[in-house]
Amino acid sequence: MMFHTAVAARMGLGMTEEKALDLLQRHGPLTAGELCEHTGLAPASVSGLIDRLEAKELVRRVRDARDRRRVIVEVNHDRLAGFGELFDDLVSGLTELYASYSDEQLELILDFLTRATAVQHAATIRLET
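Numbering-wise, the sequence shown is residues 1 to 129 according to the UniProt record's numbering.
Structure representation (structure tokens):
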């Protein structure tokens, strides 16, 4: 949270805006409904979020080529290009850290993180119902 808050501040964004951009970069273009699912935000909140990101030219709404009624939100990669350097220190540090583990150790770490994420997701679902 602290890292993403610092990145958001450097980009002139709120934490929710930065996290939405992160989701769009990791998952690719998403509909507003899919952003609701990934964030847990209400549809009205996501609409406002998209409006703010679009006003800053960080995302754009585009019509789905297969279903013209459907609107997809995609990242404006040209606009984000200048912000990549904010992640340089983190990426180099993690690259150095990864290199200190064997492939076998990394497989174990990946298994743990994958399973821990599933446990957290299931616990979150139970809290929401």
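Built from N, CA and C at the ideal position, the CB exists for glycine as well.
Can we count residue i as close to the ligand MN, meaning its CB is less than 7 angstroms from some heavy atom?
i: S100; result: Of the ligands one can find in the structure shown there are none, so the ligand MN has no counterpart to examine.
To the nearest whole angstrom, what separates the beta carbons of residue i and residue j, a pair I think is in contact under 8 angstroms?
i: V73; j: L21; result: No, V73 and L21 are not in contact; Cβ-Cβ is about 10 angstroms, not under 8 angstroms.
i: V71; j: L24; result: Not confirmed; about 14 angstroms, so no contact.
i: R52; j: E17; result: 6 angstroms
Using DSSP's beta-bridge definition, name the partner residues of residue i.
i: P31; result: A small correction: the amino acid at residue 31 is Thr; Pro does not occupy that position in the sequence shown. According to DSSP, T31 bridges with I72.
i: V46; result: Answer is none; V46 lacks a bridge partner.
i: V59; result: V75
Alpha carbon to alpha carbon, how far is residue i from residue j?
i: K19; j: H4; result: 8 angstroms
i: L90; j: Q105; result: 21 angstroms
i: M15; j: A9; result: 8 angstroms
i: A32; j: V46; result: 7 angstroms
i: K56; j: D111; result: 38 angstroms
i: M126; j: P29; result: As written in the sequence, residue 126 is Arg, which differs from the Met given in the question. For R126 and P29, the distance between alpha carbons rounds to 28 angstroms.
If you measure from the beta carbon of residue i to each beta carbon in chain D, is any gap under 8 angstroms?
i: T124; result: Within the model displayed, chain D is absent; a lone protein chain is all it includes.
Answer yes or no: do residue i and residue j have a C-beta to C-beta separation smaller than 8 angstroms?
i: R63; j: E54; result: no
i: V7; j: L86; result: yes
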